[in-house]
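The block underneath contains the structure these notes are about, expressed in structure tokens.
Protein chains: 2
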Amino acid sequence: MVKHTQKQRAALGKEHTGALRKDRYHHGDLRECLIEATRRLVEDKGADRFSVSEACRLAGVSTAAPYKHFRDRNDMLVAMVIAGMMRHRERMFAAIKDLPSGSPLRIKALGQEYVDFALKEPGVFRLKFGGYTDRLTDPELEEIGRATFDIVLREVAACLGEADITTVVRQRGFMLWSFVHGLSFLLNDQKLSEMGGEIDLDFMLGDVAERVLRDH
Amino acid sequence: MVKHTQKQRAALGKEHTGALRKDRYHHGDLRECLIEATRRLVEDKGADRFSVSEACRLAGVSTAAPYKHFRDRNDMLVAMVIAGMMRHRERMFAAIKDLPSGSPLRIKALGQEYVDFALKEPGVFRLKFGGYTDRLTDPELEEIGRATFDIVLREVAACLGEADITTVVRQRGFMLWSFVHGLSFLLNDQKLSEMGGEIDLDFMLGDVAERVLRDH
DNA sequence: TTACATATGTTAGGGGATCTAACTTTGACA
DNA sequence: TGTCAAAGTTAGATCCCCTAACATATGTAA
Chain A
1 MVKHTQKQRA ALGKEHTGAL RKDRYHHGDL RECLIEATRR LVEDKGADRF
51 SVSEACRLAG VSTAAPYKHF RDRNDMLVAM VIAGMMRHRE RMFAAIKDLP
101 SGSPLRIKAL GQEYVDFALK EPGVFRLKFG GYTDRLTDPE LEEIGRATFD
151 IVLREVAACL GEADITTVVR QRGFMLWSFV HGLSFLLNDQ KLSEMGGEID
201 LDFMLGDVAE RVLRDH
Chain B
217 MVKHTQKQRA ALGKEHTGAL RKDRYHHGDL RECLIEATRR LVEDKGADRF
267 SVSEACRLAG VSTAAPYKHF RDRNDMLVAM VIAGMMRHRE RMFAAIKDLP
317 SGSPLRIKAL GQEYVDFALK EPGVFRLKFG GYTDRLTDPE LEEIGRATFD
367 IVLREVAACL GEADITTVVR QRGFMLWSFV HGLSFLLNDQ KLSEMGGEID
417 LDFMLGDVAE RVLRDH
């Protein structure tokens, strides 16, 4: 017979209910549950209005419980951002897996996915990039970021016909990153519509990819 | 004899000392002084760690005093951001006033100034653009933003040889804005150096301006 | 099975922040 | 000069972060 720890049992149980609250003295998987509560609250009200207490209320535990799993409030946010950035990286991978290699279409698809994530998970995106990076220093997080940008660099190299990551590849990569990064913020802030733009996002992403990838 | 209100006297006095603290029961110009204290604190420790109490300590007044001038903590930040964005707009104007009209050099100069401001006043920049826009809704702020972007649009139109702000002008304008906007964030987060880039910022700004302004 | 160590909960409380209510001082002006 | 409104003050309600001390459940080893 397969043996289950309490942790596993609780996790299985929650797959069905989606509930965050516990029904026993020991929660089972409070850490993951608090991360999810944090994510919901940050998406709902913004990182600055996120409070540990409220996450505790969502999870149905006392306000001291999180400190058995996280150093402090900031550490909870970091854990949440790490989980979010892993989703982001996976989606970036997935976005290009069915497209012909070496095609600018892959660059465009990466850009679309980048913006898409920023719009779907603005709380995570802003916490990761719009906040104060010095408060999110974490080796794991840094590694995820590097891995994600590497996806882009490889595609740029392929499009430019370069065998490896040269200076010019890096430069074009940063241009593209800067562009989709800024676009993500501006779209989230609704600046485009505010400034009277009827912008075709799809066209713009393709157009920029083309302009940046040109030889000259 | 010229008459001075207390407000004017206090303001004159502070021109010399640069001090924030008061020496009388009534401060003289507490509002401006709190805005400056807010700016310093936000630049020093970030908007999320800014506290009204600490601004009060800097200004030498009780913690209840600000509420005679600002609705709440958020309103103090908004007032500070408005002042910052007015500086920003002035600098954007100044950046191009000596350059030949219709030249892509003006676009590049605007981009340089944009990034420069973001790096010199990261606290203001992040609060304005990296935070939650819904908390900064203010008609004055919106108007300043529009006026600043209009500077860019006029330059783009001139470079493209368009008489007025057409759809294509707006589109290229957004491309440029997105680029320098994202670049500002990434530079502030030190992502370029983290990702192993020895990027020539000056070259990149010129190169992007050229690519975006091309006919095709 | 029982006993113990450890992990993971809880309650209580210090310290600090935001904001309000009620009171006080001061400057401007009739 | 006297009055009123503007702009300070103190006191305190409420909320939040985090720690210390205590309580309970779980896994392991005798």
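First to last, the sequence lines map onto chains A and B.
Going by the working numbering, 185 is the number at position 185 of the first sequence; the sequence numbering is gapless.
Going by the working numbering, 259 is the number at position 43 of the second sequence; the sequence numbering is gapless.
Beta carbons are placed, not taken as given, at the ideal position from N, Cα and C, and that holds for glycine.
Note that the coordinates shown come from a computational prediction; the quantities given were computed from them, not determined experimentally.
Whether residue i touches residue j by CB criterion (7 Å)
i: methionine 302(B); j: threonine 364(B); result: no
i: valine 115(A); j: serine 184(A); result: yes
i: histidine 181(A); j: glycine 262(B); result: no
i: valine 169(A); j: glutamate 162(A); result: yes
i: methionine 292(B); j: threonine 254(B); result: yes
i: arginine 351(B); j: asparagine 290(B); result: yes
i: leucine 429(B); j: proline 338(B); result: no
i: aspartate 288(B); j: aspartate 48(A); result: no
Own chain partners of residue i with C-beta closer than 8 Å, once the 5 adjacent residues on each side are dropped
i: isoleucine 298(B); result: Asp354, Glu356, Leu357, Ile360
i: glutamate 155(A); result: Ile96, Arg106, Ile107, Leu110
i: isoleucine 251(B); result: Met292, Ala295, Met296, Ala299
i: leucine 315(B); result: Leu321, Arg322, Ala325
i: glycine 346(B); result: Phe401
i: serine 278(B); result: Cys272
i: leucine 192(A); result: Leu186, Ile199
Cβ shell of residue i (< 7 Å), same chain only, five flanking positions each side left out
i: leucine 421(B); result: Lys324, Gly327, Gln328
i: alanine 158(A); result: Ser101, Gly102
i: phenylalanine 117(A); result: His88, Arg91, Phe125
i: aspartate 380(B); result: Ala373
i: aspartate 200(A); result: none
Backbone secondary structure at residue i - three-state DSSP
i: leucine 429(B); result: helix
i: arginine 287(B); result: coil
i: glutamine 171(A); result: helix
i: serine 51(A); result: coil
i: arginine 256(B); result: helix
i: isoleucine 415(B); result: coil
i: glutamate 378(B); result: coil
i: alanine 118(A); result: helix
i: aspartate 189(A); result: coil
i: serine 400(B); result: helix
i: serine 394(B); result: helix
i: leucine 274(B); result: helix
i: lysine 97(A); result: coil
i: leucine 77(A); result: helix
i: aspartate 150(A); result: helix
i: glycine 244(B); result: coil
i: aspartate 134(A); result: helix
i: alanine 64(A); result: coil
i: glycine 300(B); result: helix
i: glycine 46(A); result: coil
i: glycine 206(A); result: helix
i: glycine 102(A); result: coil
Residue i classed as buried or exposed, judged by whether at least 16 other C-beta atoms fall within 10 angstroms
i: lysine 344(B); result: buried
i: phenylalanine 50(A); result: buried
i: arginine 388(B); result: buried
i: lysine 284(B); result: exposed
i: leucine 335(B); result: exposed
i: phenylalanine 419(B); result: exposed
i: histidine 243(B); result: buried
i: histidine 88(A); result: buried
i: aspartate 189(A); result: buried
i: histidine 232(B); result: At histidine 232(B), the pLDDT of 32 sits below 50, so the modelled position is not reliable; the number obtained from the coordinates is stated separately. By the 10 Å Cβ count, histidine 232(B) comes out exposed.
i: lysine 3(A); result: Residue confidence is low: lysine 3(A) scores 31 on pLDDT, short of 50, so the model does not pin down where it sits. Its coordinate-derived value is still stated next. Exposed, since its Cβ has fewer than 16 Cβ neighbours within 10 Å.
i: histidine 216(A); result: exposed
Beta-carbon separation (whole angstroms), residue i vs residue j, contact threshold 8 Å
i: glycine 413(B); j: phenylalanine 179(A); result: Wrong, their Cβ atoms sit about 15 Å apart, outside the cutoff.
i: valine 294(B); j: proline 282(B); result: That belief does not hold up - the Cβ atoms of valine 294(B) and proline 282(B) are roughly 13 Å apart, past 8 Å.
i: leucine 41(A); j: alanine 55(A); result: 6 Å
i: methionine 411(B); j: arginine 146(A); result: 7 Å
Residues near residue i in its chain [Cβ-Cβ closer than 6 Å; skip 5 each side]
i: leucine 176(A); result: Val212
i: alanine 425(B); result: Pro320, Ile323, Lys324
i: arginine 247(B); result: His285
Cβ-heavy atom distance, residue i to the ligand FMN, below 6 Å
i: leucine 201(A); result: What this structure holds is no ligand at all, so the ligand FMN is not there to describe.
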